[in-house]
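Participant: Residue 26 is where the sequence shown starts when you use this note's numbering, and the numbers rise one by one after that.
We put the CB at the ideal spot given by N, CA and C, even for glycine.
Note that the structure is a prediction, hence the values are computed from the model and not measured.
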Amino acid sequence: MQFKDIAVLLRGVGIDLIHNRFLILQGEVEQIALMKPKALNENDDGMLEYLEDIVGSSRLKVPIEKLQQKIDQLQEERSAQLNRMKFAEKEKTDAEGPMKNLITELRVDNGIALAKNRLHQAER
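Okay, structure coming up:
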């Protein structure tokens, strides 16, 4: 039986030989206990990075970063559109008063024209 076959068999029961984290020796327990919660820079390993390596979620860092950049870009676009919408609403609200005054004035002018037309019709 080859190592590859044994690794597949052990992976089937939850033992990961690829990351070599299936066995923690006593010396490593002390190192793990003294780890910082999170690495200060990308080259260091903290407890979080150690656990991510064991679990395998460290492989998701790049896709998550790309998605976060996309989210940030979409948030900026949303913010710009929201500002445009608020500006348009303000302009609409500002234009409603003059529009109502103009409609009232046009109705009065229309009434005057109708009255003049009736007077002109009555004179004939």
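Assuming residue 72 contacts residue 86 (C-beta within less than 8 Å), just tell me the rounded distance between them.
Facilitator: Their Cβ separation, rounded to whole angstroms, is 16 Å, which puts residue 72 and residue 86 out of contact at 8 Å.
Participant: Alpha helix (DSSP H) containing residue 98: first to last residue?
Facilitator: 86 to 148 is the extent of the alpha helix (DSSP H) around residue 98.
Participant: In whole angstroms, what is the alpha-carbon distance linking residue 69 and residue 75?
Facilitator: One C-alpha to the other measures close to 10 Å.
Participant: Measure the C-alpha to C-alpha separation of residue 26 and residue 37 and round it to an integer number of angstroms.
Facilitator: Distance between the alpha carbons of residue 26 and residue 37 is about 16 Å.
Participant: My output table needs one value for residue 63: the three-state DSSP class, helix, strand or coil.
Facilitator: In this structure, residue 63 counts as coil in the three-state DSSP scheme.
Participant: From what residue to what residue does the alpha helix (DSSP H) around residue 40 run?
Facilitator: Neither: residue 40 is in no alpha helix (DSSP H) and is coded neither H nor E.
Participant: Leaving aside the five residues before and after residue 64 along the sequence, list all residues of the same chain whose C-beta is less than 8 Å from its C-beta, in chain order.
Facilitator: So the list reads 70, 71, 73 and 74, once near-sequence residues are dropped.
Participant: With DSSP as the reference, label residue 56 as helix, strand or coil.
Facilitator: Looking at residue 56 - three-state DSSP - the assignment turns out to be helix.
Participant: With a CB to CB cut of under 8 Å and the five nearest residues on each side skipped, what residues in its chain are close to residue 139?
Facilitator: The answer is none, since no qualifying residue turns up.
Participant: DSSP state of residue 78, grouped into three classes?
Facilitator: DSSP places residue 78 in helix when its eight states are reduced to three.
Participant: Note down the Cα distance separating residue 130 from residue 118, rounded to an integer number of angstroms.
Facilitator: Each residue's alpha carbon lies about 19 Å from the other.
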